[in-house]
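First residue of the sequence shown: 54, per the working numbering; consecutive thereafter.
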Amino acid sequence: MPDHESYLREATELALANVAEGGRPYGAVIVRDGEVVARAANRIHRTNDPSDHAEMVALREASRRLGRPKLDDCIVYASGRPCPMCHAAMRLAGVKQGYFAFTAEEAEAEGLLSAGIYAELCRPLAEQPMQVRHHPLAGGPSPYRAWAERKGG
54 MPDHESYLRE ATELALANVA EGGRPYGAVI VRDGEVVARA ANRIHRTNDP SDHAEMVALR
114 EASRRLGRPK LDDCIVYASG RPCPMCHAAM RLAGVKQGYF AFTAEEAEAE GLLSAGIYAE
174 LCRPLAEQPM QVRHHPLAGG PSPYRAWAER KGG
């Protein structure tokens, strides 16, 4: 049985160390069969890349180390609730279990943008603050059809 508490403490220690060096308070640890395969902290302060969240960095590292994009046999431990981007990336990687130590509401109470994004994304597209609209192309090849044909579908 995994030691959820110790992995969550490790993720939180990564987050605290990141804060001390000027970063955001997020850390992540990915475990497979009781072994840590990746650990990371949020790197936005170093790279200016808005997608350099702890979970994203750890997912990339775990995929590199394991040599595959599917991480369905891994568990993700995060200091805070994964944002929608990280949550979606975890799902796309096939992760079936994730644990977090602190809630999005706790983050928001300290001035971090978190819980509000979840609520926004649940609203219809027309009601979201970032305008994203479907604009279909008339004719032309579909990249989805090309992919399906290449795969034999």
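C-beta: ideal position from N, C-alpha, C; glycine also.
Opposing strand residues paired with residue i [DSSP bridges]
{"i": "I83", "result": "A91 and V129"}
Selection from the options that minimises the alpha carbon distance to residue i
{"i": "V129", "options": "N71, E202, Y197 and H57", "result": "H57"}
{"i": "L69", "options": "V84, Y60, A94 and M183", "result": "A94"}
{"i": "K123", "options": "R203, L61 and R85", "result": "R85"}
{"i": "M183", "options": "E173, A191 and P189", "result": "E173"}
Helix, strand or coil at residue i according to DSSP, with G and I counted as helix
{"i": "G151", "result": "strand"}
{"i": "V110", "result": "helix"}
{"i": "M213", "result": "With the chain running from 54 to 206 in the structure shown, residue 213 is simply not present."}
{"i": "V185", "result": "coil"}
{"i": "K204", "result": "helix"}
{"i": "G169", "result": "helix"}
{"i": "N101", "result": "coil"}
{"i": "A162", "result": "helix"}
{"i": "P177", "result": "coil"}
{"i": "R198", "result": "helix"}
{"i": "R191", "result": "Going by the sequence as given, residue 191 is Ala instead of Arg. Coil."}
Rounded Cβ spacing between residue i and residue j (contact assumed at less than 8 Å)
{"i": "A64", "j": "A154", "result": "7 Å"}
{"i": "G133", "j": "M143", "result": "Not quite, the Cβ-Cβ distance comes to about 14 Å (not below 8 Å), so this is no contact."}
{"i": "A199", "j": "A131", "result": "The pair is not a contact, with the Cβ atoms about 36 Å apart (cut-off 8 Å)."}
{"i": "E158", "j": "A168", "result": "5 Å"}
{"i": "I170", "j": "C139", "result": "In fact, because the Cβ distance is near 11 Å, the residues do not count as touching under 8 Å."}
Open item on the list: For the structure I just gave you, are there three or more beta carbon pairs, one from the stretch 69-76 and one from the stretch 141-155, closer than 8 Å?
Closed with: Contact between the stretch 69-76 and the stretch 141-155 is absent, because fewer than three Cβ pairs lie under 8 Å.
Open item on the list: Check whether the stretch 158-170 and the stretch 95-113 are in contact - that is, three or more C-beta pairs closer than 8 Å.
Closed with: The answer is no - the stretch 95-113 does not touch the stretch 158-170, with fewer than three Cβ pairs under 8 Å.
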